[in-house]
Amino acid sequence: NLQLSKIGQALSGHSGIVELMDDLGAALAGGSSMYMLGGGNPAHIPEVQALWRQRLTEIVANEPLCDRMLSNYDGPAGNPEFRESVTTCLRNAYGWDVSRDNIAVTVGGQTAFFFLFMLLAGEMPAGNRRRILLPIVPEYIGYSDQGLIPEIFASKRPLIDRLDEHTFKYRIDFDSLEVGDDIGAICVSRPTNPTGNVLTDEEINHLARLAAERQIPLLIDNAYGEPFPAAVFEPIKPMWNSDMVMTFSLSKLGLPGTRTGIVLASKEIVSRISSMTCIIGLANTNMGQTIVEPLLASGEILKLARDIIRPFYQTKSQAAQALIAEHFGDDFPYLVHRSEGAFFLWLWFPELPISTRELYERLKKRGVLIVPGEYFFFGLDTGDEWPHQRQCIRLTFSQSEATVAEGIKIIADELRRIHQGS
Ligand code: PLP
2 NLQLSKIGQA LSGHSGIVEL MDDLGAALAG GSSMYMLGGG NPAHIPEVQA
52 LWRQRLTEIV ANEPLCDRML SNYDGPAGNP EFRESVTTCL RNAYGWDVSR
102 DNIAVTVGGQ TAFFFLFMLL AGEMPAGNRR RILLPIVPEY IGYSDQGLIP
152 EIFASKRPLI DRLDEHTFKY RIDFDSLEVG DDIGAICVSR PTNPTGNVLT
202 DEEINHLARL AAERQIPLLI DNAYGEPFPA AVFEPIKPMW NSDMVMTFSL
252 SKLGLPGTRT GIVLASKEIV SRISSMTCII GLANTNMGQT IVEPLLASGE
302 ILKLARDIIR PFYQTKSQAA QALIAEHFGD DFPYLVHRSE GAFFLWLWFP
352 ELPISTRELY ERLKKRGVLI VPGEYFFFGL DTGDEWPHQR QCIRLTFSQS
402 EATVAEGIKI IADELRRIHQ GS
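Residue 173 in full-length UniProt numbering sits at position 172 of the sequence shown; the count goes up by one each step and never skips.
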C-alpha cells in the first residue's frame, strides 16, 4: 500500500501525454501492425538519416571528440562550443544579438517547459499564486500535466474562422484576452501542436507587447518551427528580445533519441535553467550536441531545414489532405484546420455523436492510432461547456504514405458508421 505525495501522484498518474507516448512506443517498437497516426515522431527522411550516420562515423573516427562525448559530463548549461554555434546559427538566420550566455541546453524541449513553468508559476514568495496564460487552446498536450499546482494554466478559447466548406483556422481572441496580476508568463507553440496553426507575426507582436506591459516573459515553443526543423509553410519573421523566452529542439529535426532542447532567454533565466538541470539531472545529454554542433556553425542546418525538411512535410501534409478529401467524401460534416506547419492535421467533426476519446478507442481496435482532441483543451474555466472540445482529433502525417493512406481510409469508414449510428 504505497503512500504517494500529492506531487508524486500528479507526476505519475494517468495523463494524455503518457497514453500518447505509450501508444507511440508500442507502435514503433517493431512488429506492430498499428497504423501510427498518433504521436509526433519525426519522419525518417533518407537524406537526413544519412547525414546523422555520416556525423556518427566522423565522431567515431575522431578519438578525442568521441571520448569527450561518451565519457565526460557536460556542464549544466550545455557544451560551450555547442551554445556558441547555436548563437552563430541564430545570428545568421535572423541577425539577433545573442551570446552564449543567452543559451541553455536541456534534456529535450519537454524538460525545458517543466523548468520554465516551475520558475514562473505557482506559489510566489509574497504568498500569491501565479499561473501560465495560454492565450489560445487547443495547445500542446505535453504541457498539461507539468503544473505541480492545480489549475496552473489559464487558457482562452480561440476565434474560429471558417475559410471554406472544409477548412477553418483559429485566431487569438485579443478582445477577451486579459492578462491579470495572477499571470506569470504567456505561452504558445509556433507552429501549434496539435493544430498546425502558425500564429501570425502580428499575433506574436501583440502577445509580446502584452507580456512587456506586464513585465512577464512570453514563451514561444519552436519545436516544429524556425529556424529548425522549419516545418512552417507560411512566411514568418521570427523576432526575439530578452523579455522573450524561446525554445528549440533537435527532436523534430530527426534526433528525438538524443533528447536535446535549447532555451534562448535572458542571462538570468538561462542561469536558473542551468541550475535546475544540475539539481534535477546533473547534466545534459552530449550526443545530440556533438552531432549537430558543426552543422549549426556552418549553416548546413538552415539549408537542411529549408531545402529538405520543410518541403518534405509540406508535401506530406498536402498528400494527407488529398486523401481526406478522397475518403471522407460528403457522408458526414468535417473541417480541417488550415495546415500551416508541424506534422499534424487537426480535424473537426461538428456533428460527431460520440466523444473523440470513444472514437480513439474504436479506431485503436481497428488498428489505427490517433490522438483524441479533448486532451488539448486544458486550462479552460471549469464548467466551460464547449462542444467543440469533444469534436476534434489530431492526425500525424509524418509516417509512410502507405500508413497514412490506410489509416485515413479506416478513419473514414469508422466515421461513416458512427454518423449513421452504428
Ligand atoms: N513542444 C512541442 C509543441 C512538442 O510537440 C514537443 C514534442 O512533441 C515538445 C515540445 C517536446 O519535444 P522534445 O522534448 O523531444 O524536444
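Yeah, the Cβ is synthetic: ideal placement off N, Cα and C, and Gly gets one too. Note that the coordinates shown come from a computational prediction; the quantities given were computed from them, not determined experimentally.
Buried/exposed call for Asn206, threshold 16 Cβ in 10 Å: Looking up residue 206 in the sequence shown gives position 205. The residue in question, Asn206, is exposed, as its Cβ has fewer than 16 Cβ neighbours within 10 Å.
Buried or exposed by the 16-neighbour rule on C-beta atoms within 10 Å, applied to His338: The residue labelled residue 338 in the question sits at position 337 within the sequence shown. Looking at its Cβ environment, which holds 16 or more other Cβ atoms inside 10 Å, His338 is buried.
Assigned exposure category for Lys317 - 16 Cβ within 10 Å defines buried: On the sequence shown, residue 317 is found 316 positions in, with the first residue counted as 1. Buried is the call here.
Runs of alpha helix (DSSP H) wholly within the segment 216 to 290 (minimum 4 residues, chain order): 268 to 282
Buried or exposed (CB count within 10 angstroms, at least 16 for buried), Glu64: As a first step, residue 64 is located in the sequence shown; it is residue number 63 there, counting from the start. It is exposed - the Cβ of Glu64 has fewer than 16 other Cβ atoms within 10 Å.
Alpha carbon of Tyr314 to alpha carbon of Phe118, nearest angstrom: Within the sequence shown, the letter at position 313 stands for residue 314. Within the sequence shown, the letter at position 117 stands for residue 118. Roughly 30 Å separates the two Cα atoms.
Residue span of the alpha helix (DSSP H) that contains Val405, given as start and end: Translated into positions along the sequence shown, residue 405 becomes position 404. Start and end: Glu402 to His420.
Residue list, Cβ distance to ligand 1 heavy atoms smaller than 6 Å: Gly41, Gly109, Gly110, Gln111, Tyr141, Gly143, Ser190, Asn194, Asp222, Ala224, Ser250, Ser252, Pro257 and Gly262
Cβ pair count under 8 Å reaching 3, the segment 252 to 267 against the segment 107 to 114: yes
Gln147 versus Ile281 - alpha carbon distance: As a first step, residue 147 must be located in the sequence shown, where it is residue number 146. As a first step, residue 281 must be located in the sequence shown, where it is residue number 280. Answer to the nearest angstrom: the Cα atoms are 15 Å apart.
Chain-order list of residues whose beta-carbon lies under 6 Å from that of Asp24 (same chain, five-residue window excluded): Translated into the one-based positions of the sequence shown, residue 24 becomes position 23. Around Asp24: Gly39 and Leu370.
Which of helix, strand or coil DSSP assigns to Ala343: The residue given as residue 343 occupies position 342 in the sequence shown. Correct three-state label for Ala343: coil.
Per DSSP, the bridge partner or partners of Trp349: Start at 1 with the first residue of the sequence shown, and residue 349 comes out as number 348. Answer by DSSP bridge pairing, in chain order: Leu336 and Cys393.
Run of the alpha helix (DSSP H) containing Val189, from where it starts to where it stops: As a position in the sequence shown, residue 189 is number 188, starting the count at 1. Careful: Val189 lies outside any alpha helix (DSSP H), inside the beta strand (DSSP E) at Ile184 to Ser190.
Close-in-space but distant-in-sequence residues of the same chain around Glu407 (CB under 6 Å, 5 per side omitted): Translated into the one-based positions of the sequence shown, residue 407 becomes position 406. The answer, listed in chain order, is Tyr36.
Continuous alpha helix (DSSP H) stretch holding Ser177: start and end: Walking along the sequence shown from the start, residue 177 turns up at place 176. Ser177 -> no alpha helix (DSSP H), and no H or E assigned at all.
Neighbour-count burial assignment, Thr58, 16 or more Cβ in a 10 Å radius: As a first step, residue 58 is located in the sequence shown; it is residue number 57 there, counting from the start. Exposed, since its Cβ has fewer than 16 Cβ neighbours within 10 Å.
Extent of the continuous alpha helix (DSSP H) run through Val106: For the purposes of this step, residue 106 is taken as the residue at position 105 of the sequence shown. Run containing Val106: none in the alpha helix (DSSP H); it sits in the beta strand (DSSP E), Ile104 to Thr107.
Meets three-Cβ-pair contact criterion under 8 Å: the segment 180 to 197 and the segment 7 to 19: no
Spatial distance of Ala11 from Ala321 (CA atoms): Residue 11 sits at position 10 when you count from the first residue of the sequence shown. Residue 321 sits at position 320 when you count from the first residue of the sequence shown. Answer to the nearest angstrom: the Cα atoms are 36 Å apart.
C-alpha gap between Asn93 and Met245, whole angstroms: Here residue 93 refers to the residue found at position 92 when the sequence shown is read from its first residue. Here residue 245 refers to the residue found at position 244 when the sequence shown is read from its first residue. Those two C-alpha atoms are separated by around 19 Å.
Residue environment, Trp241, which counts as buried when at least 16 other CB atoms sit within 10 Å: Walking along the sequence shown from the start, residue 241 turns up at place 240. With 16 or more Cβ atoms within 10 Å of its Cβ, Trp241 is classed as buried.
Residue interval of the alpha helix (DSSP H) (run including Leu324): Translated into positions along the sequence shown, residue 324 becomes position 323. Element bounds for Leu324: Arg311 to Phe329.
Three-way DSSP call (helix, strand, coil) for Arg358 in this model: Position 357 of the sequence shown, counting from 1, holds the residue named residue 358. Of the three classes helix, strand and coil, the one that applies to Arg358 here is helix, per DSSP.
Backbone CA spacing between Leu220 and Glu375 [nearest angstrom]: As a working mapping, residue 220 is identified with position 219 in the sequence shown. As a working mapping, residue 375 is identified with position 374 in the sequence shown. Leu220 and Glu375: Cα-Cα distance of roughly 23 Å.
contact_flag[the segment 77 to 87, the segment 274 to 290] where n(CB pairs < 8 Å) is 3 or more: yes
7 Å Cβ shell around Met288 - same chain, five flanking residues per side excluded: As a first step, residue 288 must be located in the sequence shown, where it is residue number 287. Hits under 7 Å: Met70 and Thr259.
Rounded separation between Glu204 and Pro230 - CA only: Along the sequence shown, one-based indexing puts residue 204 at 203. Along the sequence shown, one-based indexing puts residue 230 at 229. So the alpha carbons of these two residues sit roughly 22 Å apart.
Reduced DSSP category for Ala378 - H, G, I as helix; E, B as strand; rest coil: Here residue 378 corresponds to residue number 377 of the sequence shown, with the count starting at 1. In the sequence as displayed, the identity of residue 378 is Phe instead of Ala. Of the three classes helix, strand and coil, the one that applies to Phe378 here is coil, per DSSP.
Own chain, CB closer than 6 Å to Tyr141, minus 5 neighbours either side, in chain order: What you label residue 141 is simply residue 140 of the sequence shown in a count that begins at 1. Once the five neighbours on either side are set aside, the close Cβ partners of Tyr141 are Ser190 and Asn194.
Phe165 (DSSP reduced to helix, strand or coil): For the purposes of this step, residue 165 is identified with residue 164 of the sequence shown, where counting begins at 1. Before going further, note that residue 165 is Asp rather than Phe in the sequence given. Note: Asp165 maps to strand in three-state DSSP.
For Thr357 and Ser423, the rounded distance between their alpha carbons: Taking the first residue of the sequence shown as 1, we reach residue 423 at position 422. Taking the first residue of the sequence shown as 1, we reach residue 357 at position 356. Each residue's Cα considered, the two are about 16 Å apart.
Buried versus exposed, by CB contacts within 10 Å (16 or more), Lys238: Stepping through the sequence shown from its first residue, residue 238 is reached at position 237. That one is exposed.
C-beta contact flag for Thr168 and Leu360 at 8 Å: For this step, residue 168 is matched to residue 167 along the sequence shown. For this step, residue 360 is matched to residue 359 along the sequence shown. Against a cut-off of 8 Å, the Cβ pair of Leu360 and Thr168 comes out as no contact.
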